[in-house]
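Quick note: the sequence shown, position 245, residue 237 per this note's numbering, numbers continuous.
Idealized CB from N, CA, C, for every residue including glycine.
To start, the structure under review is shown below, and the notes come after it.
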Amino acid sequence: MPTENKKPILPVEVDYDTYRRFDQRKNVFGRMIHDIDADFHKVGMFDLVKEIIDENVEGYTHIDFARVRGAWAVYDHFHEAFGWDESADANTVMEEATLDKYEVDDKEKMAKLVKETAGIYGACKAGITEVNHDWLYSRDMNGKPIDIPEEYKNAVVMLIKIDKEALEESPSMVAGAQNALGYSRMAFVIGCMARFIRTLGYKAIPMGNDTALSIPLAVQAGLGEMGRNGLLITPEFGPAVKICKVFTDLPLASDEPRDFGIAGYCKKCKRCADTCEVDAISSEDEPSYQTVSESNNPGIKRWAVDVDRCYKFWVGNGGDCSSCISECIFTKG
Ligand code: SF4
Ligand code: SF4
């Protein structure tokens, strides 16, 4: 059931009678592992890479693929970035300082400091919102229930910019390497932000794509709107961003969701739908509550993306695709 906390006014409609917290095992990667009825069950994104590399096509060579894998390295290995507590064996030669808890007497000023700090660590933009438990996954990829203690009242939502020139090479591995780098930069930024907050004497839970849905939190934090392609569209960078977040008990002033007019623009634009090679993006004029994939969570008014088609395209492509990102009018500016 949806939780009782305050329902934010979003520039997207939610039917709270239908909406239920999403089980992460129902996204395409979860269904690839768990859903025996999915026609991509146990079909990995890189299963066809060897055959693809053997064809030696530009943008799909062994070198290109190695760049993709290299770019994932930090995200794949830096698990402590995602821990609720900093690893006991963190490798530092410096003594821990014993400090008093930082007193926050001005939540607006603290929010500004946190956003500046996010920029120092590499986020292109940050926003702050109250943690809305409706956006928490009900269960994680392993089926473990997710519960965040109430003391974590605020979410620091941070955006990582993806190089839009490289994305123009989509769907080749050249663009895939930039996407992977975005994930590794997420790990870096949330790891740094969590330690910054803990050094002030507060708690922090750093998150990549895990634990909670990133897009509604980013919308709530006033960073953009959900577009036809199912992604966060920001006014500055379009959908060419990755989203990461840190939940904390640090007192912070919240940003408000904003109507930038992006979803209204999507009603007429349809450029991403025309671009998608497998018709995974709706061309309907108006968003609706209709779902088209087991991975679409009911109860949200939007253009539902057929993520099954999208994922199967990725498998045949030997890696992810960003064509609906690079072609978005807001990416192109
Ligand atoms: S990522 Fe590629 S395949 Fe998937 S919806 Fe976008 S354009 Fe289509
Ligand atoms: S390409 Fe056009 S329709 Fe698609 S998300 Fe961008 S603005 Fe919206």
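Identify, in the order they occur along the chain, each residue of the same chain with its Cβ nearer than 6 Å to the Cβ of D312, setting aside the five sequence neighbours on each side.
G168, N171 and W306
Which residue from I152, V284 and F38 puts its Cα closest to that of R61? F38
Q. Of all the options I225, I55 and R23, which has the alpha carbon lying nearest to the alpha carbon of H33?
A. Closest by alpha carbon: R23.
**Report entry** heavy atom of ligand 1 below 6 Å from C268 C-beta
**Finding:** yes
What's the call for R220, buried or exposed, on a 16-neighbour Cβ count within 10 Å? buried
What first and last residue would you give for the beta strand (DSSP E) that runs through E122?
-> Residue range K117 to E122 is occupied by the beta strand (DSSP E) that includes E122.
Ends of the beta strand (DSSP E) at L151? It spans N146 to K153 - the beta strand (DSSP E) in which L151 sits, taken as one unbroken run.
Using only CA atoms, which one of I317, Y303, C316 and T121 lies nearest to D31?
Cα-wise, what sits closest to D31 is Y303.
- Task: Could you check the C-alpha separation between G291 and E50 for me, to the nearest Å?
- Result: 43 Å
Q) Looking at T226 and L215, is the spacing between their C-beta atoms short of 7 Å? A) yes
### Query
From N288 to A210, what does the alpha carbon distance come to, in whole angstroms?
18 Å
Determine the contact status of P198 and V238, defining contact as a CB-CB distance below 7 Å. yes
Where V149 and D266 are concerned, what is the direct C-alpha to C-alpha distance, given to the nearest angstrom? V149 and D266: Cα-Cα distance of roughly 31 Å.
Kindly indicate which three-state DSSP category G311 falls into: helix, strand or coil? coil
For ligand 2, list every residue whose C-beta falls under 5 Å from any of its heavy atoms, going in chain order. G219, R220, N221, C258, C261, R263, C264, C320 and I321
Just to confirm before moving on: does the CB-CB distance between C268 and C316 stay below 7 Å? yes
Next item on the list: Check whether the stretch 185 to 195 touches the stretch 152 to 164, counting contact only when three or more Cβ pairs, one atom from each stretch, lie closer than 8 Å.
Entry: no
In terms of residue numbering, what span does the beta strand (DSSP E) encompassing A58 cover? First-last for A58: H54 to H69, but that is the alpha helix (DSSP H), not the beta strand (DSSP E).
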